[in-house]
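Peer 1: Okay, here's the structure, questions in a sec.
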């Protein structure tokens, strides 16, 4: 199978022509950063999402929720997006084009552009040419541009709203309800698959940098002191190519390592992070990413969010774009719950019973109401209530009552030390977050599955898609569209469809051309009805990749095709 | 089964408590018009969407596409939403609350409020109390409020964007690509399932009036002269309760009628509209709408869009809201394609070969260049080109050349009449559109499936959901969580999960309470592992609705449960 040097143009041409995806609103000239998934692309995308759900929802047992894409401002104040979700921008004084300042600098070989301040970038840009018009930029102002799309909810600017920059925040804000749903126990996981938005300054990389994109995110809430994964054995011996912080400094290569070794050696922070790295590898290979072009790269301490305990990106090698991030797996600690708890004033903790209750010594303050009453009169009750919660010094306690600070001498209350039985504790869980960019995965799968080979002197274009994600599952062709072959083929197509198999019936053109048409969109199997079908009730099944054919009884077709697609039947086992 | 008088509160309480849905961003006080689907609701919603796809995508063979939710302005100029997608609004001068003017009027018994102009409404409101503060409204200004959420795409107000008010427009603007995908033939259908948005002025009806909601729409492109449905036989004898225009005037009741009768009598405009009315009835009943509380109401000519040839709403009877529209089925003629063609300047037609070419007489104009040359010099070519396309009168032809109108006397050209063979024609298809509101369907299914009965002296709350849409498909319970019963039950739960069945394992509390917990969320079957399981390898399966139990071999479980859920196995057939 020949591997084209840069398959990008070929994949994009195929995608547009055959209906995987194309620019949005083309009849109006399109708009950068938005694409439409066509009939085949939408089907493939949905199969990839459903495969993801088979892992996370069905197997891991994490329920999915669905929150709106429009959110109110306080959510994104708490999450930090209102303040910190921005890129450095400048405007070319000549052509008035908006430019991403760090990208312009990086395009001219300035190494650490992403980490530079606005002032540093402005200095660096002064003598550089504008990437749009080519004129020298000169003195430009570099400033932060917030990447959230904003809108107004309701009439009269009643409330500011944002299109969510990630699906995760809906899961965090629903924490109290979700904890109750899981009957107040840890760990539990919740997932969400849906649209998110980034109002990119100048998106130019097709599927890789979209303004509206689909995420699949899982948030796994764990006990801060319990980061051993209960099902770690599933992936303990699973090997993944890991590029740790250390290797990156020396431009090293990723090292294949089992998850047991990765955690044991301290390279990966804990079993949870390692488990979801392995599971991510498992999913990506299942949907058609080439394992030879897949690695997991640890975030450097300089790029990692300050609160994250560890963070790894699944990256694929693209012929056009180099190494591209598809998935991030992070231990976000309690950062998100703490932030929402602060801004909302709602406790986002779980009360967890202790295995064995423990005894603790605690101070209890008993106000002397006989003394407080005459001294504080109407305010006495309020003072007493404040006193109970106070932390008194040796001479007395400062409390706030009626808006004023009052000092209560130690004679006006008693302090008792007590042994109390502690039966449980309020715990703010830590969050492990695997976050998938579905559109990038769709593109990577197409690029990695694209191949060309020579068949009968002509180039055959093939998408070697796994059967689980191929948009059309089986093609059905009458050898010729007469002599009743077309009628039988139509019946067989209906039979397969009724069996839940996505079938495409095609009777036009030479049979070889019909095979090529399906090869090009990745249809894994084709069923052909010929004259022998009328005699003995058998049809041929052709496998896309090997182009081998076997004859099977037509009555066995739905079960056979279903078995081939699910992988329960191997094509070779159908025999010659 | 007892039917509560107004099950709304009960259904909403159950939905919040058990995790079907709840208000969005509750920890920030919520925001009207937005809800979150919790773990069970999101699962049920997805199953309803997938059932919809089983009808439209798999069976009808209509491919699904996926367009962005953010669209550029010209799309919504063409569709008419920028100009006409608005509600009449006023602001209370006392409490400053924004009100929907027609709703305030209607709430005070003014009959035709929806059809009144802004001036008429202002007059009607003058003496009415504000629905928020109760003060008399007095002189208020009534004006149009556009219901689209708007935003900016890119930095510096580069482009105005809107959140789409319906998914349909993405299908219309993709028409040229979709036509090519379907190899330039009619009819073909394309569907889209996704979020749409209406920035409601003052939404107060929970799931019925959301600002962000999910639509499932199909656009079927047909030949304007070919509105006989090729598969009409499927629904020719299918009976649906139809409330035509005529009946509504006399407050009549819907009439049960076959689709054959409905089209034959002229009540429904054509076979396409009738086919999708029947298919809609079929889907709604399949997902759990009570057929006794379902009708199809024809739009009155006053409420129907001017371009629509016919329009029917599927309406369900809700205990709280009365008759509520869930689905609209309309023949939109060529309105949408024509509008986008006008604004974009792109031809949105299909070139269809004629079955047998026909001969047509056509005029051909042949300019006399020898005469035009000297007279028009440099402009002669332009004049000649314009002349070829002109429609000349007896004395000559008016043409526009170089921005001026020029009269060309008939002596300067020849007109030849020719016989030409016409092999095909450019056709602008008509569109049949069934449009489903998924959130309303979710609510209707919950309300219609909610029931209470008395079991052992206690009220049992049950959701009688069809197995196809129940969020959890089977509960697995060890009779007690000891003596190895829990281990065996855990194995069985894993076995079912591995078989693709959504399973909930529960070992806590009395067995009766565990049954109730599953009854309340609509789980159709429960498998119990007891001491006999250890002896003879059998387990009990309990059916939710009848509460009957049968014993089956544990090895047969995945196939049996799968058969029960798909409907291929009847519970009674498992028989004792």
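Protein chains in written order, with this note's numbering: chain W, 831 to 1406; chain G, 831 to 1406. Note that the Cβ used here is the ideal one computed from N, Cα and C, for glycine as well. Since we're looking at a predicted model, the values are computed, not measured.
Taking the alpha carbon of residue 1309(W) as the point to measure from, which residue in 1301(W), 1246(W), 1318(W), 1302(W) has its own alpha carbon closest?
Peer 2: Measuring from the Cα of residue 1309(W), the nearest candidate turns out to be 1318(W).
Peer 1: Opposite residue 1308(G) in the DSSP bridges: which residues?
Peer 2: Answer is 1359(G), bridged to residue 1308(G).
Peer 1: Can you tell which of 1218(G), 1013(G), 1069(G) has its C-alpha closest to the C-alpha of residue 1194(G)?
Peer 2: Looking at the Cα atoms, 1218(G) is the closest of the given residues.
Peer 1: What runs of the alpha helix (DSSP H), each 4 residues or longer, lie entirely inside the region 934-970 of chain G?
Peer 2: Within the region 934-970 of chain G, the complete alpha helix (DSSP H) runs of at least 4 residues are 948-955.
Peer 1: So what's residue 1237(G) in DSSP terms, helix, strand or just coil?
Peer 2: Residue 1237(G) falls in the strand class under three-state DSSP.
Peer 1: Is the shortest distance between the beta-carbon of residue 919(G) and the beta-carbons of chain W less than 8 Å?
Peer 2: Chain W contact via Cβ: present.
Peer 1: Looking at C-alpha atoms only, which residue of 1216(G), 1142(G), 885(G) is the closest neighbour of residue 1237(G)?
Peer 2: It is 1216(G) whose Cα lies nearest to the Cα of residue 1237(G).
Peer 1: Taking Cβ positions, are residue 1046(W) and residue 1266(W) nearer each other than 8 Å?
Peer 2: Taking 8 Å as the Cβ cut-off, residue 1046(W) and residue 1266(W) qualify as a contacting pair.
Peer 1: If you check the beta carbons only, do residue 1260(G) and residue 1164(G) fall under 8 Å apart?
Peer 2: Taking 8 Å as the Cβ cut-off, residue 1260(G) and residue 1164(G) qualify as a contacting pair.
Peer 1: Please say whether residue 991(W) and residue 861(W) have beta carbons closer to each other than 8 Å?
Peer 2: No. Outside cutoff.
Peer 1: Inspect the beta-carbon positions of residue 870(W) and residue 1350(W) and report whether they are closer than 8 Å.
Peer 2: Contact flag unset, no.
Peer 1: Alpha carbon to alpha carbon, what distance is there between residue 1256(W) and residue 1077(W)?
Peer 2: Roughly 40 Å between the two C-alpha positions.
Peer 1: The beta strand (DSSP E) spanning residue 1137(W) covers which residue range?
Peer 2: No beta strand (DSSP E) holds residue 1137(W); DSSP gives it neither H nor E.
Peer 1: Chain B partners of residue 1003(G), CB-CB under 9 Å?
Peer 2: You won't find chain B in this structure, because its protein chains are W and G.
Peer 1: By the 7 Å beta-carbon criterion, what residues does the region 1335-1354 of chain W contribute toward chain G?
Peer 2: Cβ contacts with chain G: none found.
Peer 1: Who are the near neighbours of residue 1380(W) in its chain, counting only those whose CB is closer than 8 Å to its CB and skipping five residues on each side?
Peer 2: 1370, 1371, 1401, 1404, 1405, 1406.
Peer 1: Count the other C-beta atoms from every protein chain shown that fall within 10 angstroms of the C-beta of residue 1118(G), then say buried if there are 16 or more, exposed otherwise.
Peer 2: Per the 10 Å Cβ criterion, buried.
Peer 1: Could you name the residues of the same chain whose beta carbon sits closer than 7 Å to that of residue 1314(G), not counting the 5 residues immediately before and after it, in chain order?
Peer 2: 1364.
Peer 1: Where does the unbroken alpha helix (DSSP H) through residue 1279(W) begin, and where does it stop?
Peer 2: Start and end: 1268-1279.
Peer 1: Measuring CB atoms only, is the region 927-939 of chain W touching the region 1017-1035 of chain W, in the sense that at least three cross pairs come out at less than 8 Å?
Peer 2: Yes: at least three Cβ pairs fall under 8 Å.
Peer 1: Out of 1196(W), 1203(W), 1232(W), point me to the one whose CA is closest to residue 1413(W)'s CA.
Peer 2: Outside the shown range of chain W (831 to 1406) lies residue 1413(W), about which nothing can therefore be said.
Peer 1: Within the continuous alpha helix (DSSP H) that includes residue 1218(W), where are the two ends?
Peer 2: It spans 1210-1219 - the alpha helix (DSSP H) in which residue 1218(W) sits, taken as one unbroken run.
Peer 1: Taking its Cβ as the centre, do 16 or more other Cβ atoms sit within 10 Å of residue 841(W), making it buried, or is it exposed?
Peer 2: With 16 or more Cβ atoms within 10 Å of its Cβ, residue 841(W) is classed as buried.
Peer 1: Nearest chain G C-beta to residue 961(W) closer than 8 Å, yes or no?
Peer 2: So no, residue 961(W) is outside the interface.
Peer 1: Counting C-beta neighbours from all protein chains within 10 Å, is the total for residue 976(G) 16 or more, i.e. buried, or is it exposed?
Peer 2: Answer is buried; the Cβ neighbour count reaches 16.
Peer 1: If I measure Cβ to Cβ from residue 1488(G) and keep anything under 6 Å in the same chain, skipping five residues before and after, which residues do I get?
Peer 2: This structure does not reach residue 1488(G), given that chain G is present from 831 up to 1406, and the question cannot be answered.
Peer 1: At the level of alpha carbons, what is the spacing between residue 833(W) and residue 1346(W)?
Peer 2: Since pLDDT at residue 833(W) reaches only 48, below the 50 mark, its modelled position is unreliable, and no value is offered.
Peer 1: Run through chain W and tell me which residues come within less than 9 Å of residue 1000(G), C-beta to C-beta.
Peer 2: Within 9 Å Cβ-Cβ: 854, 855, 866.
Peer 1: Does residue 895(W) come within less than 8 Å of chain G when only Cβ atoms are used?
Peer 2: True, the Cβ-Cβ gap to chain G drops below 8 Å.
Peer 1: Which value, in whole angstroms, describes the spacing of the CA atoms of residue 1220(G) and residue 1211(G)?
Peer 2: About 14 Å.
Peer 1: Here's the rule I'm using: 16 or more other beta-carbon atoms within 10 Å means buried, otherwise exposed. How should residue 1036(W) be labelled?
Peer 2: The residue is buried, with at least 16 neighbouring Cβ atoms inside 10 Å.
Peer 1: What's the call for residue 1278(W), buried or exposed, on a 16-neighbour Cβ count within 10 Å?
Peer 2: It counts as buried.
Peer 1: Check each residue of the region 1254-1265 of chain W: if its Cβ is closer than 7 Å to any Cβ of chain G, include it; give the result in chain order.
Peer 2: If the cut-off is 7 Å between Cβ atoms, the region 1254-1265 of chain W has nothing near chain G.
Peer 1: Are any of the Cβ atoms in chain G nearer than 8 Å to that of residue 849(W)?
Peer 2: Closer than 8 Å to some Cβ of chain G, the Cβ of residue 849(W) qualifies, so yes.
Peer 1: By Cβ distance, which residues of its chain are closer than 8 Å to residue 1189(W), with the 5 residues on each side in sequence left out?
Peer 2: 1249, 1250, 1251, 1252, listed in sequence order.
Peer 1: Do residue 1410(G) and residue 960(G) have their C-beta atoms within less than 8 Å of each other?
Peer 2: With chain G running from 831 to 1406 in the structure shown, residue 1410(G) is simply not present.
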